[in-house]
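Under full-length UniProt numbering, think of the first position of the sequence shown as 1, with each following residue one higher.
In this text, a Cβ means the ideal position worked out from N, Cα and C, and glycines have one as well.
Only a predicted model underlies this, so the values are computations on that prediction, with no experimental measurement involved.
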Amino acid sequence: MNSMNGDGCSSQCKKEPFFNCVEEPSMCYYYDGDGVCEDFERETGVRDCGLYTPNGFLDQWASTVEVSHEEKPYCSGEVAAGYPAVTK
Numbered sequence: 001m002n003s004m005n006g007d008g009c010s011s012q013c014k015k016e017p018f019f020n021c022v023e024e025p026s027m028c029y030y031y032d033g034d035g036v037c038e039d040f041e042r043e044t045g046v047r048d049c050g051l052y053t054p055n056g057f058l059d060q061w062a063s064t065v066e067v068s069h070e071e072k073p074y075c076s077g078e079v080a081a082g083y084p085a086v087t088k
């Protein structure tokens with residue numbers, strides 16, 4: 001019986017978030033942010049796989065931005081152009 005959380009299998013014997021478990025008895029590992037983009041996390045693993053674009057869709061990031069002269073000191077506009085930054 002598993003009485004502790006944090007190893008991939010909760011005390012209620014449910015798979016914990018961001019863990020993947022393989023084989024039986026299972027070996028669980030924390031996959032989010034491990035630097036490996038696995039197939040099962042391709043749509044949700046931004047840290048490992050980058051932003052996901054479904055088939056049939058195109059990314060639509062702003063290539064240029066114009067900012068009001070009143071807002072320039074507070075918002076450069078460059079923060080809104082291009083592919084979004086992903087930080088760890």
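Item                                                                                                               : Value
CA nearest to the CA of residue 45, picked from 24, 33, 74, 12                                                     : 33
Whole-angstrom distance between residue 49 and residue 37, CA atom to CA atom                                      : 5 Å
Residue 23 classed as buried or exposed, judged by whether at least 16 other C-beta atoms fall within 10 angstroms : exposed
For residue 18, the three-state DSSP class (helix, strand or coil)                                                 : coil
Proximity winner among 51, 2, 18, relative to residue 12 (alpha-carbon distances)                                  : 2
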